[in-house]
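Beneath this line is the structure, given in structure tokens, with notes to follow.
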Amino acid sequence: MSAFFGMTGLVGGILLNLVLRANEEPMMHKRYANVTNPAMRAHWDRCERATLEKYNVVPDEAKKHVLKAWRWAKDHLMRKEGSGHHFSFIRNKDGSICCAFAKPQWNADHCGEGMPTGAEAIIRAVCEYESGY
3 MSAFFGMTGL VGGILLNLVL RANEEPMMHK RYANVTNPAM RAHWDRCERA TLEKYNVVPD
63 EAKKHVLKAW RWAKDHLMRK EGSGHHFSFI RNKDGSICCA FAKPQWNADH CGEGMPTGAE
123 AIIRAVCEYE SGY
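The numbers in my numbering rise by one with no breaks, and the one at position 16 of the sequence shown is 18.
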């Protein structure tokens with residue numbers, strides 16, 4: 003009988019924990035969803051918020067066409083770090099597209115999160131890079 007109440011208490015505790023976690027602010031970035039350290043969670047949340055702020059400022063026409071996004075990224079990065087960035091695309095199994103970019107002398111500088119289109123992937127990768135990912 004006490005084993006039954008012990009299990010009931012355990013299940014109740016788990017459910018209460020799930021309810022409390024559901025009320026917390028969710029992790030925005032799926033790459034770091036398994037991070038349990040509160041300081042690191044806060045860091046990645048700040049990076050994600052900064053990325054979204056930068057992403058929302060980019061002109062909409064650059065988000066729709068890969069060539070315009072590529073030109074925007076080249077100009078944007080050239081003003082920040084100088085010229086010479088190479089961009090490449092990676093198609094994930096789920097159909098999303100990632101953009102990786104680097105200068106020729108580096109193996110890989112940054113690879114962004116998977117996005118539905120190539121233009122969004124380029125812009126997201128640049129915004130993530132600037133935000134400290």
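Virtual Cβ for every residue (Gly too), placed ideally from N, Cα, C.
- In the DSSP assignment, Ser-133 falls within the alpha helix (DSSP H) that extends over 120-133.
- The C-beta of Met-80 has fewer than 16 other C-beta atoms within 10 Å across all chains shown, which makes the residue exposed.
- Ranking His-88, Ala-121, Asp-47, Lys-82 by CA distance to the CA of Glu-132 puts Lys-82 first.
- Only residues of its own chain outside the window of five on either side were considered, and among them Val-128 have a CB closer than 7 Å to the CB of His-78, listed in chain order.
- Under the three-state reduction of DSSP, His-45 is assigned to helix.
- Judged by pairs of C-beta atoms under 8 Å, the stretch 109-126 touches the stretch 69-78, as three or more such pairs exist.
- Here DSSP, grouped into helix, strand and coil, assigns His-78 to helix.
- Annotation for Glu-63: the continuous alpha helix (DSSP H) segment containing it runs 62-66.
- For the pair Ser-90 and Ala-75, the CB atoms are not nearer than the 8 Å cut-off.
- Nearest Cα to His-87 within the set Arg-48, Val-37, Asp-111: Asp-111.
- If the five residues before and after Tyr-57 are omitted, its C-beta is found closer than 8 Å to the C-beta atoms of Ile-125, Arg-126, Cys-129, all from its own chain and listed in chain order.
- With contacts defined as CB atoms closer than 8 Å, Trp-46 and Val-37 qualify as a contacting pair.
- Counting only runs of 3 or more residues that sit fully inside the stretch 82-109, the beta strand (DSSP E) segments are 88-93, 99-104, in chain order.
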